[in-house]
Amino acid sequence: MGFGKVGSEVARRAKGLGMHVIAHDPYAPADCACAIGVELVSSDEAISAADFISLHMPLTPATSKILNDEAFAKMKKGVRIVNVARGGVIDEEALVRALDAGIVAQHLMSSQKNHLQKTTSWCNVKM
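No gaps in the numbering here: position 46 of the sequence shown is 46 in full-length UniProt numbering, and each next residue is one more.
In structure tokens, the structure reads:
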């Protein structure tokens, strides 16, 4: 999710590992994605098809809490999420519910919006 400088570089590396990569970015030119073998898809298609979701987007009114209860409900059970975007793009309470329900198997973040207190749910990593 997000196919700018960082997102496209992550896609290149994932392709190098043999992954099938799809991306969602309403501003990315399709020819740039095609040049590295990436298919641009809708947001709903990206979150419902992915085994791994990597977030690379600025925090704007349009991206605030883009991953919320509704989005988590569309994801495959056991999805893994890497958030290198801003903490506010994920609704953190909804993330905890998705972790508890087993929808999200693992979540890696570089920042949090609210710096949730450590809880069993928040720290639980199921391998």
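Cβ atoms here follow ideal geometry from the backbone N, Cα and C, with glycine treated the same way. Treat the numbers as computed from the prediction; the structure is a model and nothing was measured.
- Secondary-structure assignment with DSSP links residue 39 through a beta bridge to 22.
- When rounded, the separation of the alpha-carbon atoms in residue 62 and residue 26 is 11 Å.
- Shown here for residue 71: same chain residues with a beta carbon closer than 6 Å to its own, the five before and five after excluded, namely 47 in chain order.
- Contact between residue 105 and residue 80 holds: CB atoms are separated by about 6 Å, below the 8 Å threshold.
- In the three-state reduction of the DSSP assignment, residue 47 falls in the helix class.
- When DSSP reads this structure, residue 53 sits in a beta bridge with 81.
- With contacts defined by Cβ atoms closer than 7 Å, residue 57 and residue 85 form a contacting pair.
- Counting C-beta atoms within 10 angstroms of its own C-beta, residue 42 has fewer than 16 neighbours from the protein chains shown and is therefore classed as exposed.
- Distances from the CA of residue 20 to each of 37, 90 and 74 were compared; the closest alpha carbon is that of 37.
- In the displayed model, residue 105 falls within a strand according to three-state DSSP.
- Going by beta carbons, residue 82 and residue 64 fall outside the 7 Å limit.
- Assignment of residue 67 by DSSP, reduced to helix, strand and coil, places it in the strand class.
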